[in-house]
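Notes follow the structure.
Residue numbers (our numbering): 89 to 259.
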């Protein structure tokens, strides 16, 4: 029969061997698993498709249809009072300038009621695929879309937009 000292020594040796094996397994995991996980995360980030901006109308149109075919026609219907005078534009530079004026900051639903009334201009942007997007511009710089979202454009952008519309030729 072993004595008490030999029994304690055997327990300590087994415990030390178990700790060495555990440390060895952990080091193998860290050496191979963590770099592999980092590579997977980087691949997911690198090959992730571009996110579309909801606020930038021009970037949204270009990212969904490509630079060359972003906007084919822009049709502007001006409704001062009861008359309806239509103006069309196909010039890419003028289209870009008009789209840049249509950028605005989103408003909360409580302020949408302020924009109600008769729209100064109804602007319909038609892309290459024929999908129309309609904006209603009001005197106070509010811009409503057919989907119900409300934007506030700057006073400078509203003046520039009205000037661009007045420079367009009528049908």
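Beta carbons: idealized from backbone N, C-alpha and C, even for Gly.
For clarity, every value in this text was computed on a predicted model and none was experimentally measured.
Expected contact under 8 Å - CB spacing of residue i and residue j to nearest Å
i           : j           : result
residue 231 : residue 247 : With 8 Å as the limit, residue 231 and residue 247 do not qualify as a contact, their Cβ atoms being about 14 Å apart.
Alpha carbon of residue i to alpha carbon of residue j, nearest angstrom
i           : j           : result
residue 122 : residue 99  : 34 Å
residue 126 : residue 187 : 41 Å
residue 174 : residue 243 : 24 Å
residue 237 : residue 211 : 15 Å
residue 104 : residue 120 : 25 Å
residue 239 : residue 191 : 8 Å
residue 118 : residue 108 : 15 Å
residue 229 : residue 134 : 40 Å
residue 124 : residue 102 : 33 Å
residue 129 : residue 92  : 54 Å
residue 215 : residue 180 : 12 Å
residue 112 : residue 97  : 23 Å
residue 94  : residue 115 : 32 Å
residue 207 : residue 227 : 8 Å
residue 132 : residue 110 : 32 Å
Close beta carbons around residue i, own chain, < 6 Å, minus the five adjacent residues each side
i           : result
residue 245 : 189
residue 222 : 212, 234
residue 249 : 189
residue 184 : none
Extent of the continuous alpha helix (DSSP H) to which residue i belongs
i           : result
residue 251 : 243 to 255
residue 99  : 92 to 134
residue 221 : Premise fails: residue 221 lies in the beta strand (DSSP E), 220 to 225, not in any alpha helix (DSSP H).
residue 182 : 180 to 189
7 Å CB neighbourhood of residue i in its chain, flanking five on each side removed
i           : result
residue 219 : none
Sequence-distant residues of its chain with Cβ nearer than 8 Å to residue i (five each side left out)
i           : result
residue 256 : 164, 175, 176, 177, 182
residue 136 : none
N- and C-terminal bounds of the beta strand (DSSP E) containing residue i
i           : result
residue 211 : 209 to 214
residue 240 : 238 to 240
residue 231 : 230 to 233
Residue i: CB within 8 Å of a non-hydrogen atom of the ligand FAD
i           : result
residue 107 : Because no ligand of any kind appears in the structure shown, any question about the ligand FAD cannot be addressed here.
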